[in-house]
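Scroll down for the structure; my scribbles are underneath it.
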Amino acid sequence: MNTNVKDPNAWHGGDLEGIRQKLPYLKELGITDIWLSPTFYAAEENFFGHAAFHGYWTYDLSKIDPHFGTERDLIALAQDAQKYGISMILDFVVNHVGYGSPLVEEKPDWFHPALTIEDWNDPRQLVERQVHGLPDLDQDNPEVYQYLMNSAQKWLDIPNISGLRLDAVKHVGIDFWNKFNQTLQKKHPNIMLLGEYFDGDPKKVDDIQRQGSFTHLFDFPLAFALRDVYCDNKSLANLASTISNDRLYTSPNQMVTFIDNHDMPRFISLCKGNLSSMQNALKVLLSWRGIPSVYYGTEIPLAGAKEPDNRADMVFDNQAFYTFIRDALKLRDEHPVLASGKTNVLYYEKDFAVFYRNSEDADENALIVLSQSKKSKSYTLPPGKWLSNEDHTHREGEIDVAPKSVSIFFKKGRQPLDDAPVSLSFDIPDDGLTYAVTGSIAELGNWNPEKAPRSKGGSISIDVPKYSVVLYKLVKVRDSQYQWSKKANSEVFVDKSKSIKAEF
Numbered sequence: 003m004n005t006n007v008k009d010p011n012a013w014h015g016g017d018l019e020g021i022r023q024k025l026p027y028l029k030e031l032g033i034t035d036i037w038l039s040p041t042f043y044a045a046e047e048n049f050f051g052h053a054a055f056h057g058y059w060t061y062d063l064s065k066i067d068p069h070f071g072t073e074r075d076l077i078a079l080a081q082d083a084q085k086y087g088i089s090m091i092l093d094f095v096v097n098h099v100g101y102g103s104p105l106v107e108e109k110p111d112w113f114h115p116a117l118t119i120e121d122w123n124d125p126r127q128l129v130e131r132q133v134h135g136l137p138d139l140d141q142d143n144p145e146v147y148q149y150l151m152n153s154a155q156k157w158l159d160i161p162n163i164s165g166l167r168l169d170a171v172k173h174v175g176i177d178f179w180n181k182f183n184q185t186l187q188k189k190h191p192n193i194m195l196l197g198e199y200f201d202g203d204p205k206k207v208d209d210i211q212r213q214g215s216f217t218h219l220f221d222f223p224l225a226f227a228l229r230d231v232y233c234d235n236k237s238l239a240n241l242a243s244t245i246s247n248d249r250l251y252t253s254p255n256q257m258v259t260f261i262d263n264h265d266m267p268r269f270i271s272l273c274k275g276n277l278s279s280m281q282n283a284l285k286v287l288l289s290w291r292g293i294p295s296v297y298y299g300t301e302i303p304l305a306g307a308k309e310p311d312n313r314a315d316m317v318f319d320n321q322a323f324y325t326f327i328r329d330a331l332k333l334r335d336e337h338p339v340l341a342s343g344k345t346n347v348l349y350y351e352k353d354f355a356v357f358y359r360n361s362e363d364a365d366e367n368a369l370i371v372l373s374q375s376k377k378s379k380s381y382t383l384p385p386g387k388w389l390s391n392e393d394h395t396h397r398e399g400e401i402d403v404a405p406k407s408v409s410i411f412f413k414k415g416r417q418p419l420d421d422a423p424v425s426l427s428f429d430i431p432d433d434g435l436t437y438a439v440t441g442s443i444a445e446l447g448n449w450n451p452e453k454a455p456r457s458k459g460g461s462i463s464i465d466v467p468k469y470s471v472v473l474y475k476l477v478k479v480r481d482s483q484y485q486w487s488k489k490a491n492s493e494v495f496v497d498k499s500k501s502i503k504a505e506f
């Protein structure tokens, strides 16, 4: 086994016993669940210059890879984690096996034909062809289904293994997911079945969660928005419009939120080392609805823009964000309104936004004030006694908001906002051409001009929930051909009925 720690393409990573020894560290940080990358038996040799330490090139889902330990080690970890109030979630790969897996020769009828995906927009190719040449399992084969089910049940029968992170949801048929997940939920009613559906469209994400019977999905739309705002310095409208689309989710509080993971550049690398921007993004993440997920090393923070650098060895020195994350999670525990409930955009301008949170589970409201301005801003708080765990200059309800900051305020007593729909009207150019108005909401086709309202002159009116932010763009329509405006996306804060002059 190649274990040269100086070679980024060699075998890396710790083991189950090492994680067991770090349980006090995780407990102190505020962690309640540990999601382990795949620990199952995988290839020892390198393929295409890379080792399989990440775990996604599995050979046998029913066995623990000896690099990580034994079944006894996994059971011991689960038992000790339970003593710390920490549950275990295992990463489970059902789409494929690793390069060179003996199963390919032993069970050739278990696999789809060895064809590579050529059209990544073809849903059939996504399911029936190989991702980067990995042998693709045919889950419709009863033997394959039973192998996957038996393996999953084996690990879920271990006390304190409370769920599975299900890899590559997009590359497995939805009927399989529905059957597989429902079967597991019948035996394990409180199980967490966390799907990785890599997509930025909240409507698609919600459809997959419902149709596939997942209990939770990762919130990629939010992750993309946080990266846009805090690393790429894009308008806060990207974040505000994303949270305005929470209405598309059946269960927004069940979304697992994050800023980075093992398939993405590390946040600090994407932000070019800007610790302040990363801290602001973390503060938003840890005060947002849903279930926050913290990738190992975020508390340091570890850097790494590409594979395998974004999966580098853990270090425990220079923990820039450990205390910050710990304190933010404590605040979250003390104020349930941060973890659940409805979020509205109470106030918005391009570099400044105020989000209003209320929840049926909490007898309080919260304001999350975001500033991306380079200068201090003044903001008048809504009526009532608003408190913060941070120091702010108050002048009869008016506060000074520091540049490039995130502030949180609380007020006792639940008070929902009236966010009933109001009219949003777009005045269309009167030049004899047909235009579609497409944008970030379902009423504008979710950026699909084929589904967007259109008109030749005149106006287009839609109803939009009050206290939301909408991104939009004009598209010329000629004989079913679409010409997009070259202008940047336009944005509108819907705090009342409005009429807007749409320009191409």
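Residues in the sequence shown are numbered from 3 upward in steps of one, following this note's numbering. Note that beta-carbon positions come from the ideal geometry of N, C-alpha and C, so glycine has one too.
Name the two residues that bound the continuous alpha helix (DSSP H) containing residue i.
i, result
"glycine 399", "Careful: glycine 399 lies outside any alpha helix (DSSP H) and carries neither H nor E."
"lysine 85", "73–85"
"glycine 20", "18–23"
"aspartate 230", "222–232"
"phenylalanine 178", "176–189"
"tryptophan 157", "144–158"
Can you give me the Cβ contacts of residue i inside the same chain, cut-off strictly under 6 Å, excluding the 5 residues immediately before and after it?
i, result
"aspartate 315", "His14"
"glycine 32", "Arg328 and Leu331"
"glycine 441", "Val472, Leu473 and Tyr474"
"glycine 447", "Thr440, Lys453 and Ala454"
"tyrosine 297", "Asp262 and Asn263"
"isoleucine 176", "Gln213 and Gly214"
"glutamine 417", "Asn367"
"tryptophan 449", "Thr440"
"lysine 29", "Tyr86"
Give the DSSP bridge partners of residue i, in chain order.
i, result
"phenylalanine 113", "Leu139"
"tryptophan 520", "Because the chain in this structure spans residues 3 to 506, residue 520 falls outside the shown range and cannot be described."
"serine 164", "None; serine 164 has no bridge partner."
"proline 451", "For proline 451, which the question treats as bridged, DSSP gives no partner whatsoever."
"threonine 60", "Ala44"
"arginine 98", "The question names arginine, but residue 98 in the sequence shown is histidine. Answer is Asp138."
"glutamate 493", "Leu473"
"threonine 382", "Glu400"
"proline 10", "Its beta-bridge partners do not exist; DSSP assigns none."
Taking Cβ positions, are residue i and residue j nearer each other than 9 Å?
i, j, result
"phenylalanine 182", "glutamine 213", "no"
"alanine 78", "glycine 57", "no"
"alanine 368", "histidine 394", "no"
"aspartate 75", "leucine 18", "yes"
"serine 470", "phenylalanine 428", "no"
"serine 64", "serine 164", "no"
"methionine 257", "isoleucine 270", "no"
"valine 286", "isoleucine 370", "yes"
"glycine 20", "threonine 41", "no"
"alanine 242", "phenylalanine 495", "yes"
"tyrosine 251", "phenylalanine 222", "no"
"arginine 268", "alanine 305", "yes"
"histidine 218", "glycine 197", "yes"
"glutamate 445", "aspartate 465", "yes"
"lysine 379", "tyrosine 437", "no"
"valine 95", "aspartate 169", "yes"
"lysine 468", "alanine 422", "yes"
"phenylalanine 326", "leucine 272", "no"
"leucine 238", "asparagine 346", "no"
Using 10 angstroms around the beta-carbon of residue i, count the other beta-carbons present and answer buried if the total reaches 16, otherwise exposed.
i, result
"alanine 307", "exposed"
"asparagine 97", "buried"
"valine 7", "exposed"
"phenylalanine 50", "exposed"
"glycine 460", "exposed"
"glutamate 392", "exposed"
"glutamate 108", "exposed"
"alanine 355", "buried"
"arginine 167", "buried"
"aspartate 93", "buried"
"proline 303", "buried"
Could you give the first and the last residue of the continuous beta strand (DSSP E) run that contains residue i?
i, result
"alanine 355", "354–360"
"lysine 344", "344–351"
"alanine 368", "366–373"
"threonine 325", "Careful: threonine 325 lies outside any beta strand (DSSP E), inside the alpha helix (DSSP H) at 324–336."
"lysine 500", "500–503"
"alanine 305", "Premise fails: alanine 305 is in no beta strand (DSSP E) and is neither H nor E."
"aspartate 429", "423–429"
Which same chain residues end up closer than 7 Å to residue i when comparing Cβ atoms and leaving out the 5 residues on each side of it in sequence?
i, result
"serine 342", "Asn255, Arg291, Ser361 and Asp363"
"asparagine 240", "Ala227, Asp230 and Val231"
"glycine 202", "Phe222, Pro223 and Phe226"
Please return the same chain residues whose Cβ sits closer than 8 Å to the Cβ of residue i, not counting the five positions on each side in sequence.
i, result
"lysine 406", "Ser278, Ser279, Asn282, Ser373, Gln374, Ser375 and Lys376"
"glutamine 132", "His98, His114, Ala116, Leu117, Thr118, Ile119 and Asp138"
"serine 253", "Gln211"
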